[in-house]
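K.L.:
Structure below; questions to follow.
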Amino acid sequence: MEYLSKSLFFVFLVISILLVLFSIYVFFDVLLDPAIKKSDAYTFLQGGGIIVLGLYFTYQYGYMPTDFMKGLIILVVTLIIAIVWVIIGLFFLSGPSRWQ
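Numbering-wise (the numbering used here), the sequence shown opens with residue 39 and increments by one.
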């Protein structure tokens with residue numbers, strides 16, 4: 039069980055780091071595109087910030103004391119919160135969608 043939790047912990051850690059890099063890339067890509075609303079860029083940046091905060095708590099409470107199951111739970115909860123935050127931000131805070 040310890041090997042499985044440690045493996046899943048590192049898989050979710052890599053996924054979280056990739057999502058942070060993706061959100062930073064999308065932030066700059068959307069910010070430089072004049073056709074897209076700027077609030078979308080800030081929504082992705084906030085989602086990346088939530089994941090970075092979750093990575094910090096994961097490192098403090100899961101990786102340092104070698105309690106990988108607690109770190110895995112923190113990572114999964116952080117990813118769920120960040121995804122829900124970005125979805126809410128894109129659907130409700132950016133205004134209505136316009137279909138062409």
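Even for Gly, the Cβ is constructed at its ideal location relative to N, Cα and C.
1. Is the beta carbon of L110 less than 8 Å from the beta carbon of F50?
2. Could you pull the start and end residues of the alpha helix (DSSP H) that D67 belongs to?
3. Applying the criterion that 16 or more other CB atoms from any shown protein chain within 10 Å of the CB defines a buried residue, is V115 buried or exposed?
4. Would you kindly check if the distance between the Cβ of I89 and the Cβ of V58 is under 8 Å?
5. Just the C-alpha distance for K76 and Q98, rounded to the nearest angstrom, thanks.
6. Could you tell me the distance, in whole angstroms, from the CA atom of V122 to the CA atom of Q84?
7. Rounded to a whole number of angstroms, what is the C-alpha to C-alpha distance between I126 and G92?
8. Helix, strand or coil for I74 per DSSP?
P.N.:
On the basis of the coordinates in this document:
1. yes
2. E40 to L70
3. exposed
4. yes
5. 34 Å
6. 12 Å
7. 19 Å
8. coil
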